[in-house]
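Below: one structure, written as structure tokens.
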Amino acid sequence: MRTLVICLFLTLLRMHAAEPQAEHWLKHTTIAPSMAVPAGLDAWQTRRAEIRLKLNELLGDLPPRPPVSAFQVVNREDRGAFTLETVQFDNGAGEIVTGLLFVPKKASAQSKAPAILYCHWHGGQYDIGKNELLGTNAVPVAAGPALAEAGYVVLGIDAPCFGGRNGQGPDGPQQKGGAGEMSAAKYHLWAGRTLWGMMLRDDLTALDYLCARPEVDAGRVGVTGISMGSTRSWWLMALDDRPRAAVCVGCMTRYEELIRAGMLKAHGIYYFVPRMLQHFDTEAVIALGAPRPMLFMTGDQDGGSPVEGVRHLGDIVGRVYALHGGAAERFENTIYPGVGHVYLPEMWRKTLAWMDRWVRDAR
Numbered sequence: 006m007r008t009l010v011i012c013l014f015l016t017l018l019r020m021h022a023a024e025p026q027a028e029h030w031l032k033h034t035t036i037a038p039s040m041a042v043p044a045g046l047d048a049w050q051t052r053r054a055e056i057r058l059k060l061n062e063l064l065g066d067l068p069p070r071p072p073v074s075a076f077q078v079v080n081r082e083d084r085g086a087f088t089l090e091t092v093q094f095d096n097g098a099g100e101i102v103t104g105l106l107f108v109p110k111k112a113s114a115q116s117k118a119p120a121i122l123y124c125h126w127h128g129g130q131y132d133i134g135k136n137e138l139l140g141t142n143a144v145p146v147a148a149g150p151a152l153a154e155a156g157y158v159v160l161g162i163d164a165p166c167f168g169g170r171n172g173q174g175p176d177g178p179q180q181k182g183g184a185g186e187m188s189a190a191k192y193h194l195w196a197g198r199t200l201w202g203m204m205l206r207d208d209l210t211a212l213d214y215l216c217a218r219p220e221v222d223a224g225r226v227g228v229t230g231i232s233m234g235s236t237r238s239w240w241l242m243a244l245d246d247r248p249r250a251a252v253c254v255g256c257m258t259r260y261e262e263l264i265r266a267g268m269l270k271a272h273g274i275y276y277f278v279p280r281m282l283q284h285f286d287t288e289a290v291i292a293l294g295a296p297r298p299m300l301f302m303t304g305d306q307d308g309g310s311p312v313e314g315v316r317h318l319g320d321i322v323g324r325v326y327a328l329h330g331g332a333a334e335r336f337e338n339t340i341y342p343g344v345g346h347v348y349l350p351e352m353w354r355k356t357l358a359w360m361d362r363w364v365r366d367a368r
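In the numbering used here, the protein residues as written are 6 to 368.
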């Protein structure tokens, strides 16, 4: 009998040791189940309004966005096919935010152009920020000039702690990079809001300005980015109905699968919204974009977006699009085998084609 008890104990011990640590945490935490998609469109529209209201609540007590009049053009350069403007605004929360605006020469108040709000990535590249638009640190082409030459007015701003805002957090210049990002996150939590909420607030302020530019057709505005920029893009689609379409490269991440994969480390502190999993996972956020066109492109080796979660998200969100009737072609979830957290030239070609179809040529 004693031998049997010891054997059973050792078996249980081995089973416990083999179980991922995340499973122990999840067993003692109540998280929201997968979102149930309503049977009809009317029920979904009601649920959609509830989710958007809850998202805004979870982001915290955000100060009102500054008016469009807060923007100033501080520099203007002739770049041939387009004009490059440096713009800035006081975000009303202690920081001056700078952005780059690319205006095709053919765009005018009489000949309004489509536009794209470009959201830069993280990548630990705190010094780059908006200047990603001018380089190939994240995208296979310099996205700003390429999009402007394709006929789009393009705007990208520095996210909190990036570019000109690196070292401008509450602890000042001695706190740059990840340390500055952590200090900003702490400060905002004390103020009853999230760093992520403040980032999206600044993006929405940039969207206000972009839509107000006389050269822009406010009914033809898209949003795009890779990684953190991708996540910013699909959250903006969730929070605001003005973006007509989105292209999101990487970071199509479902939180439960991320936890189970042991990959919380793949995302910075900016990314986390308190109490989110008490209410829903990210399918609830992405689904708010329906029926507007959204293209997701993710590598199946991207550790920050476990492929099981990417497929899970695609299934649920696809069913929401189906409720709208004939909207299936407006949602595409492409998974690239053997590909990690990168932006491939093929992805860029698909980005341009998607924006041309759903933004430039939309009427």
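All C-beta atoms, glycine included, are put in the ideal place defined by N, C-alpha and C.
Where the beta strand (DSSP E) through residue i begins and ends
i: residue 137; result: Where residue 137 is concerned, there is no enclosing beta strand (DSSP E), given that its DSSP letter is neither H nor E.
i: residue 153; result: Element bounds for residue 153: not the beta strand (DSSP E) but the alpha helix (DSSP H), 148-154.
i: residue 81; result: 77-83
i: residue 93; result: 87-95
i: residue 337; result: 336-341
Local conformation of residue i per DSSP, three classes
i: residue 325; result: helix
i: residue 103; result: strand
i: residue 161; result: strand
i: residue 302; result: strand
i: residue 109; result: strand
i: residue 184; result: helix
i: residue 350; result: helix
i: residue 127; result: coil
i: residue 40; result: coil
i: residue 367; result: coil
i: residue 358; result: helix
i: residue 133; result: coil
i: residue 332; result: coil
i: residue 26; result: helix
i: residue 33; result: coil
i: residue 18; result: Model confidence at residue 18 stands at a pLDDT of 41, short of 50, so the residue's coordinates are unreliable; what they give is reported in the following sentence. Residue state, collapsed to three classes: helix.
i: residue 320; result: helix
i: residue 98; result: coil
i: residue 168; result: helix
Rounded Cβ spacing between residue i and residue j (contact assumed at less than 8 Å)
i: residue 60; j: residue 206; result: With a Cβ gap of about 13 Å, residue 60 and residue 206 do not count as contacting.
i: residue 56; j: residue 285; result: 7 Å
i: residue 189; j: residue 174; result: 4 Å
i: residue 227; j: residue 121; result: 5 Å
i: residue 210; j: residue 94; result: 7 Å
i: residue 137; j: residue 108; result: With 8 Å as the limit, residue 137 and residue 108 do not qualify as a contact, their Cβ atoms being about 18 Å apart.
For residue i, the first and last residue of its enclosing alpha helix (DSSP H)
i: residue 290; result: 287-292
i: residue 58; result: 46-63
i: residue 120; result: No alpha helix (DSSP H) contains residue 120, which is instead part of the beta strand (DSSP E) from 118-124.
i: residue 376; result: Because the chain is modelled from 6 through 368, residue 376 falls outside the range shown and cannot be assessed.
Can you list, in chain order, the stretches of the alpha helix (DSSP H) that have 4 or more residues and sit fully within the region 189-268?
For the region 189-268, whole alpha helix (DSSP H) runs of length 4 or above, ordered along the chain, are 200-217, 233-244, 260-265.
Taking 8 Å as the cut-off, does the region 213-230 touch the region 152-161 (at least 3 CB pairs, one atom from each stretch)?
With a cut-off of 8 Å, the region 213-230 and the region 152-161 count as touching, because enough Cβ pairs lie within range.
Would the region 246-259 and the region 23-33 be scored as touching if the rule is three or more Cβ pairs under 8 Å?
By the Cβ rule, the region 246-259 does not count as touching the region 23-33, because fewer than three pairs are nearer than 8 Å.
Does the count of Cβ pairs from the region 114-127 and the region 227-243 closer than 8 Å reach three?
Using a C-beta cut-off of 8 Å, the region 114-127 makes contact with the region 227-243, since at least three inter-stretch Cβ pairs fall below that distance.
Between the region 233-248 and the region 289-303, do at least 3 Cβ pairs fall closer than 8 Å?
Contact between the region 233-248 and the region 289-303 is present: 3 or more CB-CB pairs across the two stretches fall below 8 Å.
Is the region 276-289 touching the region 194-214, taking contact as three or more C-beta pairs under 8 Å?
With the cut-off at 8 Å, the region 276-289 and the region 194-214 touch.
Measuring CB atoms only, is the region 298-312 touching the region 253-272, in the sense that at least three cross pairs come out at less than 8 Å?
The region 298-312 makes contact with the region 253-272: 3 or more CB pairs, one atom from each, lie closer than 8 Å.
At least three beta-carbon pairs within less than 8 Å, the region 323-331 to the region 38-54:
These segments touch.
Assess contact between the region 81-98 and the region 137-155, defined as three or more Cβ pairs (one per stretch) separated by less than 8 Å. Is contact present?
Proximity of the region 81-98 to the region 137-155 meets the contact definition, three or more beta-carbon pairs being nearer than 8 Å.
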